[in-house]
Each structure stands twice: as C-alpha cells, then as structure tokens.
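Have a look at the structure below before the remarks.
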Amino acid sequence: PAQRVSKFEQDVWSIFTPLAAETKAINLGQGFMNFGPPAVVQEAAKQALDTVEANQYSHPRGRPRLRQALAASYSPEFGRQLDPESEILVTAGANEAMFATFAGFLDEGSEVICMEPFFDQYLPNITMNGGKPVFVPLRAPEHAADQTISSEEWRLDIDELKSKITPRTKMIVLNTPHNPIGKVFSEDELRAIGKVAEEHDLIILTDEVYDRLYYPPLTKFPRIATLDGFWERTITVGSGGKSFASTGWRVGWLIGPAHLIQYSFAAQTRVVFCVNSPCQEAIAAGLEASLTQPLFQDQTKAYLTKRAKLAKVFDDLALPYTMPQGAYYILVNTAKIQYPKDYVFPDILHQRGDDFKMCYWLTKEIGVCCIPPSEFYTKDHWPLAKNYARFAFCKTDDVLDQAAERLLALK
Ligand code: GLN
10 PAQRVSKFEQ DVWSIFTPLA AETKAINLGQ GFMNFGPPAV VQEAAKQALD
60 TVEANQYSHP RGRPRLRQAL AASYSPEFGR QLDPESEILV TAGANEAMFA
110 TFAGFLDEGS EVICMEPFFD QYLPNITMNG GKPVFVPLRA PEHAADQTIS
160 SEEWRLDIDE LKSKITPRTK MIVLNTPHNP IGKVFSEDEL RAIGKVAEEH
210 DLIILTDEVY DRLYYPPLTK FPRIATLDGF WERTITVGSG GKSFASTGWR
260 VGWLIGPAHL IQYSFAAQTR VVFCVNSPCQ EAIAAGLEAS LTQPLFQDQT
310 KAYLTKRAKL AKVFDDLALP YTMPQGAYYI LVNTAKIQYP KDYVFPDILH
360 QRGDDFKMCY WLTKEIGVCC IPPSEFYTKD HWPLAKNYAR FAFCKTDDVL
410 DQAAERLLAL K
C-alpha cells in the first residue's frame, strides 16, 4: 500500500456499526438517523429520478437549483447576498468538501491546526493531502469529572492556540456545533480565533454541518464568516445529510469568497467531477420549503425532546455528562460503570484506548451501542478519553425509550 494509507487503523465506525448489527444492540453509535428525510425532500428525490436530465452529470459547481436554494437560505444567515456562481460549491458530502479544500490549499508539510477532540476524518484528510495536523485542546473544567456541565464549558486557550503557530501553518479547522462535544462557539470565542487567523494570515475552514441543530437558550448560531471581516479568509462547510436526515445521500456544500472557493472547486473537479444529481434536486426542494415552512424549527423541537430523553437516562444513572448546545451527541462520563474484571475482549481492542472496551461491553452486554471518543484524540492523548462514551440521539423516540430501558439496567 501507499505510505499515505498504510498506517491507517481500522476506523471506529467499521468496528462499532457492524458490532451493533451483529449483537442486535440499539445503535446510538454512528450519527445517522433511523428515520427518513422530510416528505417534501423524499418526494422531490423520487420526482428527480423521473426526469431524464436530473439523472445526468450536474454542473461541477452543483446544480443551479441547489446553488440558488443555498443562496436563498444562507444569505440571511451570512448577512450578505451570496453569489451562487462563485461563492457556493456543492460537494459529495461535507467530508469530501473538506478533503477538496485540503487538496486545494495544502502543500507538503503545510500545518493545519485542529482542536482536540476532533472529528476523526480530519486527520486522514489532512495527511493524505501532504499536510500535518497540529493539535490544540478543548478542555473541560475539572468539575466535569463529577458534575454534568454544558458544552460551553469546554474551552480553548487562545494563548495555547497562538503557541502552535509556525511559519508553516496554513489553516485553522474549526467545528461548531462540535462533534463529539456539542459545543457551539460563542461570538467572542470566534472573534478571538479569527483574530489569530488574521494576524498570521491563515485560512479558517469551519465545519458547521450541524448548523441547523442548536438548542435554547441559544437563539442564534454564531458564524465566524459573519464576524469582523473574517469572511475573506473563511470557508464554511455545510451538510444536507444532517439538515435533512439524509446522511447517505452525500450532499454537502462549501460557502466562502470566490478567491478561496475556486481552489476547493479545482480539486473537487478532479476527484468526483460532480455530485449525484437527483439528491441535489431533493435537497434544493428541502431548502426551498424551509423558506416558507418551519421545517428546521420543527426539527429542532423534535431533537430537543430526544436530547431530554437521553439526558434523563444519565441523570437517573447519576452519570455526569456534557449537555450539548448543538448537534446530536451526548458525551457521558462512564467512570462509575464497572464491567466484570475477567471479561474477555477481542484482541483488536487491546491496541485501542480503554474507552473502546467500555463501549464494546455496553454494546454487547447492555445492548446499547456507543462510540469511544479516543478515536477523536491523537494516540498520546487517548487517556483523556478513557472515561467517556458518546451516545447519539438522532433516533426515533421509541428507539430512545428502548435504549433508556436497557441502560437503566446499569443502575
Ligand atoms: N458524523 C458521523 C458521526 O460522527 C459519522 C461519520 C462517519 O461515519 N464517518 O457519527
């Protein structure tokens, strides 16, 4: 194999998703929904299949209808009129959006600052494009070990961020709402990060795939691209899969100034050329509907109920957790749960963080699959994640109720 892939370990998804299926565990692991997209979106996908032209190549920047719909939906969010011709790029999911952006901007040895924990795909996306990830931690306060906290209490130390910058630093990757923490960065935090980027002339790549999923008391989702002129250096990543319960469609997008988007576009054309056409039509229909119907508001309400259901389980079990301000994961402190000392784990788990064992045991013996967050840390920092497990609540209420029943057996 090529050097660039030879050291890849088996990823967490390909261990836990099949394990959940084999053991018939309730899958609160990988973040996908067990319900479909809104009817208007699903119907539009079916209709698209019935039109000849929506089955053929799309414009490599994305289908005009979707770029128009994105401009209509996001211009008010960004406080500027977005140009669908040059400031929006439709991508094959958010992951490919980021890959294409790294490909478009990194040279051999370019450094990219990521906050740890980080969504696992960033690392291979950076290294496969010759870049070097450099980490700066988000830290929970000490009382998080025995008390439930809000995700806003996880903090970045700006001086620590500054200390990571070298002449080779090219980019800062931001993720808000954050996976796995659920943190929504405040305007002040974003301003401080943006200022560092400005001082060192860095590009900001902000992964905002959960941007339509943030919870009260937040009334507005702060975007770094809208603050203090940072627009000029910011590329924002969005996701149809997260916003319209269609993670398998792989429709995402990038929003940013033409002078940046053009390089992501240049790289993307040489990877996928264009994105799957019928699903783009359907996501466009969803965004169009959201202009006149409370689709996102209703979705947020539904997710609030789900968050409350799952949070209550951990309250009942007296397990401290991080209450997420956004996205659909709860990071739980599992230190109080004991699995039998003589429990036999498969060999592959011995080369992983200790949290892999806990999550394996919860999946197999308690029947609820969750994700070990050490996957979101570099190896040296795996111990930081050893007492944590990530549970997803993007599931129907009945499934969350069943999961609750099983988890309460831990009492
Ligand atoms: N974003 C999803 C999660 O964190 C999974 C993405 C993936 O499977 N790579 O669960």
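Quick note: the sequence shown uses full-length UniProt numbering, first residue 10, plus one each step.
All C-beta atoms in this analysis are idealised placements derived from N, C-alpha and C, irrespective of residue type, glycine included.
I'd like the span of the alpha helix (DSSP H) that includes L340, first residue to last.
Within the sequence shown, residue 340 is the residue found at index 331, counting from 1. Per DSSP, L340 belongs to no alpha helix (DSSP H); it is in the beta strand (DSSP E), 338-342.
Member of A30, P46, Y312 whose CA lies at the smallest distance from the CA of A291:
The residue you call residue 291 lines up with position 282 of the sequence shown. Closest by alpha carbon: P46.
Can the beta-carbon of Y224 be found less than 8 Å from the beta-carbon of T331?
What you label residue 224 is simply residue 215 of the sequence shown in a count that begins at 1. What you label residue 331 is simply residue 322 of the sequence shown in a count that begins at 1. No, the Cβ-Cβ distance between Y224 and T331 is not below 8 Å.
Which two residues bound the contiguous beta strand (DSSP E) that contains W262?
Translated into the one-based positions of the sequence shown, residue 262 becomes position 253. Here the beta strand (DSSP E) through W262 covers 261-264.
Report the option in T387, V205, L132 whose CA atom is closest to the CA atom of I167.
In the sequence shown, counting from the first residue as 1, residue 167 sits at position 158. For I167, the nearest C-alpha among the options comes from V205.
Evaluate E198 with the Cβ neighbour count: other Cβ atoms within 10 Å of its Cβ, from every protein chain shown; 16 or more gives buried, anything less gives exposed.
One-based indexing of the sequence shown puts residue 198 at position 189. Counting the other Cβ atoms within 10 Å of the Cβ of E198 gives 16 or more, which makes it buried.
Using 8 Å as the threshold, is the region 164-178 in touch with the region 387-402, meaning 3 or more CB pairs across them?
no
N184 in three-state terms, based on DSSP:
The residue given as residue 184 occupies position 175 in the sequence shown. Strand, per DSSP.
Terminal residues of the alpha helix (DSSP H) in which I190 lies
Along the sequence shown, one-based indexing puts residue 190 at 181. Counting along the chain, I190 falls outside any alpha helix (DSSP H), and DSSP gives it neither H nor E.
Applying the criterion that 16 or more other CB atoms from any shown protein chain within 10 Å of the CB defines a buried residue, is H268 buried or exposed?
Counting from one through the sequence shown, the residue named residue 268 turns up at place 259. Exposed.
Between the region 241-250 and the region 100-112, can you find at least three pairs of beta-carbon atoms closer than 8 Å?
yes
Y330: first and last residue of the uninterrupted beta strand (DSSP E) it sits in:
The residue labelled residue 330 in the question sits at position 321 within the sequence shown. Element bounds for Y330: 330-332.
From the DSSP output, in three-state form, read off M124 for me.
Locating residue 124 in the sequence shown gives position 115, where the first residue counts as 1. Three-state DSSP puts M124 in a strand.
Would you tell me roughly how many angstroms separate the C-alpha atoms of A78 and N396, rounded to the nearest one?
Walking along the sequence shown from the start, residue 78 turns up at place 69. Walking along the sequence shown from the start, residue 396 turns up at place 387. Distance from the CA atom of A78 to the CA atom of N396, rounded to whole angstroms, is 43 Å.
The region 333-341 touching the region 188-195, judged by at least three CB pairs closer than 8 Å:
yes
For A30, is the beta carbon positioned less than 7 Å from some heavy atom of the ligand GLN?
Within the sequence shown, residue 30 is the residue found at index 21, counting from 1. No, the ligand GLN has no heavy atom inside 7 Å of this Cβ.
Can you check DSSP and say which residues form a bridge with S252?
Here the question's residue 252 lines up with position 243 in the sequence shown. Answer by DSSP bridge pairing: none, since S252 is not bridged.
Tell me which same chain residues have a C-beta within less than 8 Å of the C-beta of Q65, skipping the five on either side of it?
Position 56 of the sequence shown, counting from 1, holds the residue named residue 65. Cβ neighbours of Q65 beyond the five flanking positions: S286.
As assigned by DSSP and simplified to three states, the class of T136:
The residue labelled residue 136 in the question sits at position 127 within the sequence shown. T136: helix per DSSP, three-state reduction.
Just checking N188 against the ligand GLN - is the residue's beta carbon closer than 7 Å to any of the ligand's heavy atoms?
As a working mapping, residue 188 is identified with position 179 in the sequence shown. Answer for N188: yes, Cβ within range of the ligand GLN.
Return yes when the C-beta of Q39 is under 7 Å from any heavy atom of the ligand GLN, and no when it is not.
Translated into the one-based positions of the sequence shown, residue 39 becomes position 30. Because some heavy atom of the ligand GLN lies under 7 Å away, the Cβ of Q39 counts as near it: yes.
Take S195 and list the residues in its own chain whose beta-carbon comes closer than 8 Å to its own, dropping the five residues that flank it on each side.
The residue you call residue 195 lines up with position 186 of the sequence shown. Correct list, in chain order: E161, P231.
With C-beta atoms as the reference, is L165 less than 8 Å away from M137?
Sequence index remark: in the sequence shown, residue 165 carries index 156 (1-based). Sequence index remark: in the sequence shown, residue 137 carries index 128 (1-based). Not a contact, by the Cβ cut-off of 8 Å.
Buried or exposed for G88, going by 16 or more other Cβ atoms inside 10 Å?
The residue given as residue 88 occupies position 79 in the sequence shown. Exposed, since its Cβ has fewer than 16 Cβ neighbours within 10 Å.
Complete runs of the beta strand (DSSP E) confined to the region 344-417 [at least 3 residues]
397-401
Contact check, P349 vs D364, beta carbons under 8 Å
Working through the sequence shown from its first residue, we reach residue 349 at position 340. Working through the sequence shown from its first residue, we reach residue 364 at position 355. No. Outside cutoff.
Quick check on V61: does DSSP put it in helix, strand or coil?
Mapped onto the sequence shown, residue 61 falls at position 52. Three-state DSSP puts V61 in coil, outside helix and strand.
Taking only heavy atoms of the ligand GLN into account, decide whether any of them is closer than 7 Å to the Cβ of A294.
Position 285 of the sequence shown, counted from the start, is the residue given in the question as residue 294. Not so, every heavy atom of the ligand GLN lies at least 7 Å from the Cβ.
If you draw a straight line from the alpha carbon of M367 to that of A398, how long is it in whole angstroms?
Here residue 367 refers to the residue found at position 358 of the sequence shown. Here residue 398 refers to the residue found at position 389 of the sequence shown. Each residue's Cα considered, the two are about 8 Å apart.
Starting from P146, follow the alpha helix (DSSP H) in both directions and report where the run begins and ends.
Looking up residue 146 in the sequence shown gives position 137. Premise fails: P146 lies in the beta strand (DSSP E), 141-148, not in any alpha helix (DSSP H).
Label F111 either buried or exposed according to how many other C-beta atoms from any shown protein chain fall within 10 Å of its C-beta, with 16 as the threshold for buried.
By one-based count along the sequence shown, residue 111 stands at place 102. Buried, since its Cβ has 16 or more Cβ neighbours within 10 Å.
Does F44 pass the burial test, meaning 16 or more other C-beta atoms within 10 Å, or should it be called exposed?
Walking along the sequence shown from the start, residue 44 turns up at place 35. Per the 10 Å Cβ criterion, exposed.
Within 10 Å of its beta-carbon, does F282 have 16 or more other beta-carbons around it, so buried, or fewer, so exposed?
In the sequence shown, the residue the question calls residue 282 occupies position 273. Exposed is the call here.
Does the distance between the C-beta of F354 and the nearest non-hydrogen atom of the ligand GLN fall short of 7 Å?
Within the sequence shown, the letter at position 345 stands for residue 354. F354: no, Cβ never under 7 Å from the ligand GLN.
Below 8 Å on the Cβ atoms is my guess for V143 versus E120; work out the distance and round it to an integer in Å.
Indexing the sequence shown from 1 puts residue 143 at position 134. Indexing the sequence shown from 1 puts residue 120 at position 111. Confirmed, Cβ separation roughly 5 Å.
Over what stretch of residues does the beta strand (DSSP E) that includes D92 continue unbroken?
Counting from 1 along the sequence shown, the entry for residue 92 is found at position 83. Element bounds for D92: n/a, residue is neither H nor E.
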